Structure formats: structure tokens, C-alpha cells
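Chemist: First the structure, which I've put down as C-alpha cells, then a few questions once you've had a look.
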Amino acid sequence: MKNAKKVLFLGASGRVGPSFIEEYFKKYKMDYEIILGYHKTKPEYPLEARKINLSNIEVLKKAMEGIDIVINFAANSNPDAEFPEILEPNIVGAYNVFEAARQMKVKRIIFASSVHSIRGYPLGYEVKHNEVPRPLNFYGASKVFGEALCHVFSHKYGISCLAIRIGAYVPDDKKEIVCYTREYYDYVISQRDLAQLIHKCVVAPDEIKFGILSGISNNKRKYMDLRFTEELVGYKPEDDAFEMCEEIKKRGKS
629 MKNAKKVLFL GASGRVGPSF IEEYFKKYKM DYEIILGYHK TKPEYPLEAR
679 KINLSNIEVL KKAMEGIDIV INFAANSNPD AEFPEILEPN IVGAYNVFEA
729 ARQMKVKRII FASSVHSIRG YPLGYEVKHN EVPRPLNFYG ASKVFGEALC
779 HVFSHKYGIS CLAIRIGAYV PDDKKEIVCY TREYYDYVIS QRDLAQLIHK
829 CVVAPDEIKF GILSGISNNK RKYMDLRFTE ELVGYKPEDD AFEMCEEIKK
879 RGKS
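All you need for our numbering is the position in the sequence shown, starting with 1, plus 628.
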């Protein structure tokens, strides 16, 4: 794709990466070029892949050569992890990604934050993007730090940064498991909705310099207010986790 934006996806082998790549090939591959950043095992996709190391800024800089946008999903995503397990990948590693991007003149960073940054709010309340974070674990606290880095690098260096507070992610092949094991669906986000939201962040106007976005589907009850996200990047979620799970449970009884 001549003159297409080059987008480096870090953490492509995690929970979100494989299903996002699936959606990318179905819907978005003509809009920009995805390049995969991998730590240990090279992903088996027909895409360019570059070695990364969150602890090494020079390795990250090399991976970012010619890159326009970085999507950073590389982290320890265990909500029960203690601080020593979080420190290197989620704190130091997050800073290294931002700093490498700054030095390599990357135009935008899309940071994978989490609903865990605000889980201190009660269910039934729609958390707005500009309310005080309330993490309940070290993982959530590390995501608050990442959101803060977003603002620092945007304000201080002019890098566009969008942080997505990703809810309970449901890839297509895990719908039944989620519907039968979760007690509530207020902050669920489906595979196609998260892929769409990431895509909207990639193609959003360059003038957008900072935003904290709500990463949930259009659920009947919402843990996060979607209005700011819809207005800022044009996100239009297609799924409702309550309807999805009701339908799955009906099929299970028939």
C-alpha cells in the first residue's frame, strides 16, 4: 500500500491481538499497514513483524523506524499481579514505548488502558472520561500511570495520544464462556466493537491530541459513558452484551 500509514501493533500475541488482526484483514487492511511487534515468538501472520523489548529503548526505536502510529497492548494483563510483576512491563515498559515513540517522531500512540483503572466506581454508575480514576489493584494503577503518560507526552511533546479503557473483552470464540460465567455485562466489549474502536483511533484526525475513551459495547446498562468516545472518534458500537448473552442462553435451552 503506497503512502499508507504504518501502524506498529505491540502485544499482538495477547488476548486482543489475534482477533483484531482477524478483523483487520476482513475490514481495514486497505486503510493502513499493520506491522507486528513481538517479544519472543514471531507471529505467524502474512504481515511484517519486528522484534521488540520493552526494557530496551534502542530496540524499540529500531522497531519504530518509519512508523506513524503505535498501538501499545504490550503489558502484564493479570489483574491479580503484585507490584514487582507489574513494574517492568507496565510502568518502565510503558514509559520506554512513549519515549522511543517521541524520539522516532511517531505521530500517535494508542494506549491500551483498562476498566480496572476505574473499578472503584459502583456498578450502575456510568463513569465519564474525565472523572478521577479509582483503581482497585496494581494492574489498574499501572493503567492510570499509562493514561497519565498519554497526557504528559501529548501536552509536553505534541504527540497525539488516545487511551482506551478496555472493558471485559469477548472474542467471538469465547462468547458462550463469558455469557455463562459473568454475573454482569455492563462493561463487556465484543470483538468487532473493540476492533472498530481501535480502527477509529488509527484513522482519527491528526488534530485530536488527547482523549481517554470508553472501551465497551452499546450495552443496555453501561459502566462507562460512551458519548465522549462517540463524539471524539466517531465510534459506533454494534453489539449489546445483554442481548448477545440472552440469545446465546436461549439457544442453549432449545
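Glycine included, every Cβ here is placed at the ideal spot set by N, Cα and C.
Please read all numbers here as calculations on a predicted model, not as lab measurements.
Which of the three DSSP states is assigned to G642 in this structure?
Modeler: In the structure shown, G642 sits in coil (DSSP, three-state: anything other than H, G, I, E or B).
Chemist: Kindly list the residues whose CB is nearer than 6 angstroms to the CB of Y749, restricted to its own chain and excluding five residues on each side of it in sequence; keep chain order.
Modeler: Cβ within range, chain order: V755 and R762.
Chemist: From the DSSP output, in three-state form, read off S842 for me.
Modeler: Residue state, collapsed to three classes: strand.
Chemist: Can you find the residues in the same chain that come closer than 6 angstroms, C-beta to C-beta, to V772, ignoring five residues on each side of it along the sequence?
Modeler: The residues are S745, P761 and P763.
Chemist: Using a Cβ distance threshold of 8 angstroms, determine whether the segment 720 to 734 contacts the segment 832 to 849, with at least three qualifying pairs required.
Modeler: Flag = no, the segment 720 to 734 and the segment 832 to 849 do not touch.
Chemist: Secondary structure at G880, three-state DSSP: helix, strand or coil?
Modeler: Looking at G880 - three-state DSSP - the assignment turns out to be helix.
Chemist: Can you list, in chain order, the residues of its chain with a C-beta nearer than 7 angstroms to that of Y815? Leave out the 5 residues immediately preceding and following it.
Modeler: So the list reads V743, G795, A796, I844, Y851 and M852, once near-sequence residues are dropped.
Chemist: Near G721, what residues of its chain come up, given a Cβ to Cβ distance below 8 angstroms and the 5 sequence neighbours on each side ignored?
Modeler: The residues are L682, S683, A702 and A703.
Chemist: Count the CB pairs spanning the segment 684 to 692 and the segment 802 to 817 that are closer than 8 angstroms, and state whether there are at least three.
Modeler: The answer is no - the segment 802 to 817 does not touch the segment 684 to 692, with fewer than three Cβ pairs under 8 angstroms.
Chemist: Going by beta-carbon coordinates alone, are I698 and Y660 separated by less than 7 angstroms?
Modeler: Reading off the sequence shown, one finds Val at residue 698, where the question assumed Ile. No.
Chemist: Smallest Cα separation from V830: which of V734, G639 and I738?
Modeler: V830 has its Cα closest to that of I738, out of V734, G639 and I738.
Chemist: Figure out for me which residue from A776, F856, E859 and Q824 has the closest Cα to the Cα of P865.
Modeler: Among A776, F856, E859 and Q824, the Cα nearest to that of P865 is on Q824.
Chemist: Going straight from the alpha carbon of P712 to that of F766, what length do you get?
Modeler: Approximately 10 angstroms, taken between the alpha carbons.
Chemist: Using a Cβ-Cβ cutoff of less than 7 angstroms, which residues in the same chain neighbour A769 once the five nearest sequence positions on both sides are dropped?
Modeler: Hits under 7 angstroms: P763.
Chemist: Strictly by DSSP, which residues pair up with K756?
Modeler: According to DSSP, K756 bridges with nothing at all.
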